[in-house]
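Chemist: Below: one structure in structure tokens.
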Amino acid sequence: MIVLGVDPHKSTHTATAVEPTSNQQVGSMRIEASLADYRRLLSWAKRWPQRKWAVENANGLGRHLAQWLLARGESAVDVPAAATSRVRELSRGGRRKNDRIEAAAAAAVAYLQGDERDFAAEDHTTALALLDERRVNLAQARVRTVNQLHALLRDLQGRTPWREMSRRLQQVVGRHMERGREGVQL
């Protein structure tokens with residue numbers, strides 16, 4: 003059995019294959035965080051038929067890769083970032099850090115320490131909840147921006163010479179000021 007530790011980042015992921023009985027690294031690969039490179043990573047990992055993925059922070063930066071692996075029938079666990087930090091410090095004798103070391107530490111935690119956490123594949127309700135949260139955040143950001151613009155336009159109304167504004171800006175300011183007078187809350 004090979005344990006494939008993954009150190010995820012926003013734009014890249016590093017995977018290191020570790021032979022758990024000897025704790026020796028037998029291979030490493032760095033990929034871009036893209037579906038095409040996920041496929042490349044899985045093809046690379048198929049040289050070890052008995053494998054287990056240990057994804058550091060699988061509920062955070064490693065979420066997309068971890069869910070992608072689970073959807074393809076791979077065995078994967080979540081490894082807390084604090085656990086990999088402890089392993090790295092104890093095994094390397096200090097705070098030296100690079101992506102290969104972090105990925106190998108995730109694998110060591112999963113096999114030797116038992117600090118890994120199982121996680122399940124997300125269903126459609128999770129995806130819908132994420133989309134709804136994003137929609138609410140965007141709507142709140144829009145309201146906040148419009149309110150800030152409205153306040154700014156009210157402050158400028160008495161100070162900015164009207165004739166110096168462009169015709170388009172005059173129309174926008176006028177429309178917003180009329181809405182404000184009508185009691186419409188933006």
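According to our numbering, the sequence shown holds residues 3 to 188 in order. Even glycine gets a Cβ: it sits at the ideal position worked out from N, Cα and C.
#1: Can you find the residues in the same chain that come closer than 6 Å, C-beta to C-beta, to A68, ignoring five residues on each side of it along the sequence?
#2: DSSP state of W55, grouped into three classes?
#3: Based on DSSP bridge pairs, tell me the residues matched to P10.
#4: Assign P51 to buried or exposed, taking buried as 16 or more other Cβ atoms, counted over all protein chains shown, within 10 Å of its Cβ.
#5: What three-state label does DSSP hand R136 in the structure shown?
#6: Could you tell me how far apart the beta carbons of H11 and L63 are, in whole angstroms, since I believe they sit closer than 8 Å?
#7: Thinking K54 and V20 are a contact (beta carbons under 8 Å), I'd like their distance in whole angstroms, please.
#8: State the DSSP-derived secondary structure class of A123, mapped to helix, strand or coil.
#9: So the alpha helix (DSSP H) R49 belongs to, where does it begin and stop?
#10: Could you tell me how far apart the beta carbons of A105 and G7 are, in whole angstroms, since I believe they sit closer than 8 Å?
#11: Are the CB atoms of A35 and T14 nearer to each other than 8 Å?
#12: Alpha carbon to alpha carbon, how far is L132 from R74?
#13: If you measure between the beta carbons of Q26 and T18, is that distance less than 8 Å?
#14: Compare the beta carbon distance of R32 and T16 with 8 Å and say whether it is the shorter of the two.
#15: Which residues in the same chain have their Cβ closer than 7 Å to the Cβ of D39, if we skip the five residues on either side of it in sequence?
Modeler: So, from the data block:
#1: Counting from 1 along the sequence shown, the entry for residue 68 is found at position 66. Cβ neighbours of A68 beyond the five flanking positions: V57, A60 and A78.
#2: As a first step, residue 55 is located in the sequence shown; it is residue number 53 there, counting from the start. DSSP places W55 in strand when its eight states are reduced to three.
#3: Counted from its first residue, the sequence shown places residue 10 at position 8. Looking at the DSSP assignment, P10 forms a beta bridge with H15.
#4: Counting from one through the sequence shown, the residue named residue 51 turns up at place 49. With fewer than 16 other Cβ atoms within 10 Å, it is exposed.
#5: Along the sequence shown, one-based indexing puts residue 136 at 134. Reduced to three states, the DSSP call for R136 is helix.
#6: Here the question's residue 11 lines up with position 9 in the sequence shown. Here the question's residue 63 lines up with position 61 in the sequence shown. Contact flag correct, Cβ pair sits at about 6 Å.
#7: In the sequence shown, the residue the question calls residue 54 occupies position 52. In the sequence shown, the residue the question calls residue 20 occupies position 18. Contact doesn't hold; Cβ gap of about 10 Å is too wide.
#8: Here the question's residue 123 lines up with position 121 in the sequence shown. The answer is coil: DSSP assigns A123 none of H, G, I, E or B.
#9: Taking the first residue of the sequence shown as position 1, residue 49 is located at position 47. That residue, R49, is in no alpha helix (DSSP H); it is neither H nor E in DSSP.
#10: Taking the first residue of the sequence shown as position 1, residue 105 is located at position 103. Taking the first residue of the sequence shown as position 1, residue 7 is located at position 5. That pair is a contact at about 4 Å.
#11: On the sequence shown, residue 35 is found 33 positions in, with the first residue counted as 1. On the sequence shown, residue 14 is found 12 positions in, with the first residue counted as 1. In contact: A35 and T14 (Cβ atoms closer than 8 Å).
#12: Position 130 of the sequence shown holds residue 132. Position 72 of the sequence shown holds residue 74. Looking at the two C-alpha atoms, the distance is approximately 22 Å.
#13: Mapped onto the sequence shown, residue 26 falls at position 24. Mapped onto the sequence shown, residue 18 falls at position 16. No, the Cβ-Cβ distance between Q26 and T18 is not below 8 Å.
#14: Residue mapping note: residue 32 aligns to position 30 of the sequence shown, counting from 1. Residue mapping note: residue 16 aligns to position 14 of the sequence shown, counting from 1. Closer than 8 Å, so yes.
#15: In the sequence shown, the residue the question calls residue 39 occupies position 37. Closer than 7 Å at the Cβ level, and outside the excluded window around D39, lie I33.
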